[in-house]
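**Q** Here's a structure for you.
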Amino acid sequence: MATAPAEVGAVQEFTVTVIIRRFDPENDTEPYWQDFDVQMYSTDRVLDALHKVKWEQDGTLSFRRSCAHGICGSDAMRINGRNRLACKTLIKDLDITKPIYIEAIKGLPLEKDLIVDMEPFFASYRAVQPFLQANSKPDKERIQTIEQRARFDDTTKCILCAACTSSCPVFWTDGQYFGPAAIVNAHRFIFDSRDDAAQVRLDILNDKEGVWRCRTTFNCSEACPRGIEVTKAISEVKQAMLRGRP
Amino acid sequence: MTTDLTLDNPRTPHARTKRGINWEKWGWIYMRVSGVLLVVLIFGHLFVNLFLGDGVNQIDFAFVAGKLADPFWQWYDFALLVLALIHGTNGMRTIVNDYVAKASIRRILHAALLSSTAVLLVLGTLVLFTFDPCPAGADPELVASFCEDIL
Numbered sequence: 000m001a002t003a004p005a006e007v008g009a010v011q012e013f014t015v016t017v018i019i020r021r022f023d024p025e026n027d028t029e030p031y032w033q034d035f036d037v038q039m040y041s042t043d044r045v046l047d048a049l050h051k052v053k054w055e056q057d058g059t060l061s062f063r064r065s066c067a068h069g070i071c072g073s074d075a076m077r078i079n080g081r082n083r084l085a086c087k088t089l090i091k092d093l094d095i096t097k098p099i100y101i102e103a104i105k106g107l108p109l110e111k112d113l114i115v116d117m118e119p120f121f122a123s124y125r126a127v128q129p130f131l132q133a134n135s136k137p138d139k140e141r142i143q144t145i146e147q148r149a150r151f152d153d154t155t156k157c158i159l160c161a162a163c164t165s166s167c168p169v170f171w172t173d174g175q176y177f178g179p180a181a182i183v184n185a186h187r188f189i190f191d192s193r194d195d196a197a198q199v200r201l202d203i204l205n206d207k208e209g210v211w212r213c214r215t216t217f218n219c220s221e222a223c224p225r226g227i228e229v230t231k232a233i234s235e236v237k238q239a240m241l242r243g244r245p
Numbered sequence: 000m001t002t003d004l005t006l007d008n009p010r011t012p013h014a015r016t017k018r019g020i021n022w023e024k025w026g027w028i029y030m031r032v033s034g035v036l037l038v039v040l041i042f043g044h045l046f047v048n049l050f051l052g053d054g055v056n057q058i059d060f061a062f063v064a065g066k067l068a069d070p071f072w073q074w075y076d077f078a079l080l081v082l083a084l085i086h087g088t089n090g091m092r093t094i095v096n097d098y099v100a101k102a103s104i105r106r107i108l109h110a111a112l113l114s115s116t117a118v119l120l121v122l123g124t125l126v127l128f129t130f131d132p133c134p135a136g137a138d139p140e141l142v143a144s145f146c147e148d149i150l
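Heads up: the protein sequence lines correspond to chains R and L, in order. Under numbering that gives the first Met the number 0, the first residue of the first sequence carries the number 0, and numbering increases by one thereafter. Under numbering that gives the first Met the number 0, the first residue of the second sequence carries the number 0, and numbering increases by one thereafter.
Take a look at the structure:
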């Protein structure tokens, strides 16, 4: 036992094949799959693999990323058929004996490679009035108990990455549907004791294209990189709508 | 959902949208309510038909004729017919909405669903309330044996 087991905990190195769905609107009529071999370490994430491809092999590869640490919500993409954040998915957690398939999120217009037009997503987000509307004019701050704050704690975690909305089969065929993310952000204010516009938001979501389109397939809850119980939040909004108040 | 980017003036009160009946909402509620009722009705149906009395062996033309002669079972089966048919049709409508992207094909499938359900509802109701196992003046060779006492 004198010789220390140096290999335990050591960073492993391996070659991974990533297959990326490419699309250049100026040259291609249809998207196509292109594969790259990259040398990765067990501490690397899918985002590092994309960086290696872009910086060392093909500079034309386009994708969004800002903070690269799971906060900004820029790099949601479909990795091996599941919506994830590239910056929160470790390569070693995927099956590296097989190639890793990476494509843009579905249901939103493809612009280039892994970049989609997020405007329809943000339009439905804006439509639920995602801001505090308080009519009371307190002398000091608006007091809230721990329980009142806990009521909507889960839905405050949303980073608007669109992983949930673009994993929703209803949203894929019906682009008019508000989508899980907009309902989550409505939930965040509907159940906030300081807010006075819950009725307005319930009325907006009690639409033909509102919460009733939800089929509770749980794709959104599974996709959420922040672990928000999205389907539960949507169901709570449905219940509030049937009660007529939050 | 409005994609319109023009903004109302600040402090403009939200205008309540009134556009008739919200079918999506009532469809959603109907699925839940009819689902619960159907669980009770279907298991009641199975219990009476397959378990009580002689169990499975008792089911024949006479058994069904006897049940449909009783107004209670007529209305029981009518409730089953209406709840289950509309429940199923609404489920199919949902699937069509989810998987059919083309508006024209969707409209055709919706019309087909609606008309077939309407026909089945009328036919089913007619059978339940006008069923006569021993029609008067029918060929004695063709009617059931228990009709001899009646005819």
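No residue lacks a Cβ here, since even glycine has one placed at the ideal position from N, Cα and C.
Would you check if the segment 182-196 of chain R and the segment 153-166 of chain R touch, i.e. whether three or more CB-CB distances between them fall below 8 Å?
**A** They touch, by the three-pair rule.
**Q** Classify residue 249 (chain R) as helix, strand or coil using the three-state DSSP reduction.
**A** Residue 249 (chain R) is absent from the structure shown; chain R starts at 0 and stops at 245.
**Q** Identify the continuous alpha helix (DSSP H) that holds residue 38 (chain R) and give its terminal residues.
**A** Along the first sequence, read from residue 1 onward, the residue named residue 38 (chain R) stands at position 39. No alpha helix (DSSP H) holds residue 38 (chain R); the beta strand (DSSP E) holding it covers 31-40.
**Q** Please state whether the Cβ-Cβ distance between residue 62 (chain R) and residue 106 (chain R) is less than 9 Å.
**A** Counting from 1 along the first sequence, the entry for residue 62 (chain R) is found at position 63. Counting from 1 along the first sequence, the entry for residue 106 (chain R) is found at position 107. Against a cut-off of 9 Å, the Cβ pair of residue 106 (chain R) and residue 62 (chain R) comes out as no contact.
**Q** Kindly list, in the order they appear in chain L, the residues whose Cβ is closer than 8 Å to that of residue 205 (chain R).
**A** Here residue 205 (chain R) is taken as the residue at index 206 of the first sequence, counted from 1. 21, 24, listed in chain order.
**Q** On the three-state DSSP scale, how would you describe residue 82 (chain R)?
**A** Translated into the one-based positions of the first sequence, residue 82 (chain R) becomes position 83. DSSP places residue 82 (chain R) in strand when its eight states are reduced to three.
**Q** Between residue 100 (chain L) and residue 172 (chain R), which are expected to be in contact by the criterion C-beta below 8 Å, what is the C-beta distance as a whole number of angstroms?
**A** Looking up residue 100 (chain L) in the second sequence gives position 101. Looking up residue 172 (chain R) in the first sequence gives position 173. About 5 Å; that satisfies the 8 Å criterion.
**Q** Going straight from the alpha carbon of residue 44 (chain L) to that of residue 33 (chain L), what length do you get?
**A** Indexing the second sequence from 1 puts residue 44 (chain L) at position 45. Indexing the second sequence from 1 puts residue 33 (chain L) at position 34. Their Cα atoms are separated by approximately 16 Å.
**Q** Starting from residue 55 (chain R), trace the beta strand (DSSP E) both ways and give me its first and last residue.
**A** Taking the first sequence and counting its residues from 1, the one referred to as residue 55 (chain R) is at position 56. That residue, residue 55 (chain R), is in no beta strand (DSSP E); it is neither H nor E in DSSP.
**Q** By Cβ distance below 6 Å, which residues in the same chain neighbour residue 0 (chain R) in space, the five residues on each side in sequence not counted?
**A** By one-based count along the first sequence, residue 0 (chain R) stands at place 1. No answer about residue 0 (chain R) holds up, because its pLDDT of 48 lies below 50 and its placement is not dependable.
**Q** Can you pull the chain C residues whose beta carbon is under 9 Å from the beta carbon of residue 179 (chain R), in chain order?
**A** The displayed structure is made up of protein chains R and L, and chain C is not among them.
**Q** Distance check for residue 28 (chain L) and residue 73 (chain L), CA to CA, integer angstroms please.
**A** Mapped onto the second sequence, residue 73 (chain L) falls at position 74. Mapped onto the second sequence, residue 28 (chain L) falls at position 29. One C-alpha to the other measures close to 26 Å.
**Q** Whole angstroms are fine: how far does the CA of residue 20 (chain L) sit from the CA of residue 117 (chain L)?
**A** The residue you call residue 117 (chain L) lines up with position 118 of the second sequence. The residue you call residue 20 (chain L) lines up with position 21 of the second sequence. Answer to the nearest angstrom: the Cα atoms are 21 Å apart.
**Q** Helix, strand or coil: how does DSSP classify residue 100 (chain R) here?
**A** Reading the first sequence from its first residue, position 101 is the one you call residue 100 (chain R). Strand.
**Q** Nearest chain R C-beta to residue 100 (chain L) closer than 9 Å, yes or no?
**A** Counting from 1 along the second sequence, the entry for residue 100 (chain L) is found at position 101. Output row for residue 100 (chain L): interface = yes.
**Q** For a quick check, are the C-beta atoms of residue 216 (chain R) and residue 157 (chain R) less than 9 Å apart?
**A** Counting from one through the first sequence, the residue named residue 216 (chain R) turns up at place 217. Counting from one through the first sequence, the residue named residue 157 (chain R) turns up at place 158. Going by C-beta atoms, residue 216 (chain R) is not nearer than 9 Å to residue 157 (chain R).
**Q** Can you look up residue 60 (chain L) in the DSSP assignment and give me helix, strand or coil?
**A** Your numbering for residue 60 (chain L) matches position 61 in the second sequence. Three-state DSSP puts residue 60 (chain L) in a helix.
**Q** Identify whether residue 13 (chain R) lies in helix, strand or coil by the three-state DSSP scheme.
**A** For this step, residue 13 (chain R) is matched to residue 14 along the first sequence. If DSSP states are grouped into helix, strand and coil, residue 13 (chain R) belongs with the strands.
**Q** Suppose you measure from the CA of residue 30 (chain L) to the CA of residue 93 (chain L); what does that come to, to the nearest Å?
**A** Numbered from its first residue, the second sequence carries residue 30 (chain L) at position 31. Numbered from its first residue, the second sequence carries residue 93 (chain L) at position 94. Roughly 11 Å between the two C-alpha positions.
**Q** Beta carbon of residue 82 (chain R), beta carbon of residue 93 (chain R): below 9 Å?
**A** To locate residue 82 (chain R), count along the first sequence from 1; it is residue 83. To locate residue 93 (chain R), count along the first sequence from 1; it is residue 94. Contact flag unset, no.
**Q** Per DSSP, residue 75 (chain R) is paired with what?
**A** As a first step, residue 75 (chain R) is located in the first sequence; it is residue number 76 there, counting from the start. According to DSSP, which records beta bridges pairwise, residue 75 (chain R) is partnered with R:84.
**Q** Just checking: is the beta-carbon of residue 244 (chain R) within a distance shorter than 9 Å of some beta-carbon in chain L?
**A** Stepping through the first sequence from its first residue, residue 244 (chain R) is reached at position 245. It does not: the Cβ of residue 244 (chain R) has no partner Cβ on chain L nearer than 9 Å.
**Q** Out of L:65, L:97, L:36, which one is the CA nearest neighbour of residue 81 (chain L)?
**A** Taking the first residue of the second sequence as position 1, residue 81 (chain L) is located at position 82. Nearest of L:65, L:97, L:36 to residue 81 (chain L), Cα basis: L:36.
**Q** Could you list which residues in chain R have their beta carbon closer than 8 Å to that of residue 93 (chain L), in chain order?
**A** Stepping through the second sequence from its first residue, residue 93 (chain L) is reached at position 94. By Cβ distance, chain R contributes 214.
**Q** My output table needs one value for residue 49 (chain L): the three-state DSSP class, helix, strand or coil.
**A** Position 50 of the second sequence holds residue 49 (chain L). DSSP places residue 49 (chain L) in helix when its eight states are reduced to three.
**Q** When you compare each of R:10, R:73, R:103, R:91 to residue 18 (chain R) by their alpha carbons, which one comes out closest?
**A** In the first sequence, residue 18 (chain R) corresponds to position 19, counting from 1. Comparing Cα-Cα distances from residue 18 (chain R) to each of R:10, R:73, R:103, R:91, the minimum goes to R:103.
**Q** Go ahead and pull the three-state DSSP assignment for residue 145 (chain R).
**A** Numbered from its first residue, the first sequence carries residue 145 (chain R) at position 146. If DSSP states are grouped into helix, strand and coil, residue 145 (chain R) belongs with the helices.
**Q** What does residue 292 (chain R) touch in chain L if you count any residue whose Cβ is under 9 Å from its own?
**A** There is simply no residue 292 (chain R) to check, as chain R begins at 0 and stops at 245 in what is shown.
**Q** If distances are taken between C-alpha atoms only, which option among R:40, R:74, R:196, R:225 comes closest to residue 8 (chain R)?
**A** Walking along the first sequence from the start, residue 8 (chain R) turns up at place 9. Measuring from the Cα of residue 8 (chain R), the nearest candidate turns out to be R:40.
**Q** Verify whether the separation of the beta carbon atoms of residue 133 (chain L) and residue 126 (chain L) is less than 9 Å.
**A** Reading the second sequence from its first residue, position 134 is the one you call residue 133 (chain L). Reading the second sequence from its first residue, position 127 is the one you call residue 126 (chain L). Contact flag unset, no.
**Q** How long is the line joining the alpha carbons of residue 75 (chain R) and residue 161 (chain R), rounded to whole angstroms?
**A** For the purposes of this step, residue 75 (chain R) is identified with residue 76 of the first sequence, where counting begins at 1. For the purposes of this step, residue 161 (chain R) is identified with residue 162 of the first sequence, where counting begins at 1. Answer to the nearest angstrom: the Cα atoms are 7 Å apart.
**Q** Using beta carbons (cut-off 9 Å, strictly below), is residue 97 (chain L) in contact with chain R?
**A** Residue numbering aside, residue 97 (chain L) sits at position 98 when the second sequence is read from its first letter. Chain R contact via Cβ: present.
**Q** Starting from residue 20 (chain R), follow its DSSP beta bridges and name the residues at the other end.
**A** Working through the first sequence from its first residue, we reach residue 20 (chain R) at position 21. Its beta-bridge partners are R:32.
**Q** Report back the beta-carbon spacing between residue 128 (chain L) and residue 61 (chain L) to the nearest angstrom; my notes put them in contact at under 8 Å.
**A** On the second sequence, position 129 is the one that residue 128 (chain L) refers to. On the second sequence, position 62 is the one that residue 61 (chain L) refers to. The Cβ separation is near 19 Å, so there is no contact.
**Q** Under the rule that 16 or more other beta-carbon atoms within 10 Å means buried, what is residue 106 (chain L), buried or exposed?
**A** Your numbering for residue 106 (chain L) matches position 107 in the second sequence. Looking at its Cβ environment, which holds fewer than 16 other Cβ atoms inside 10 Å, residue 106 (chain L) is exposed.
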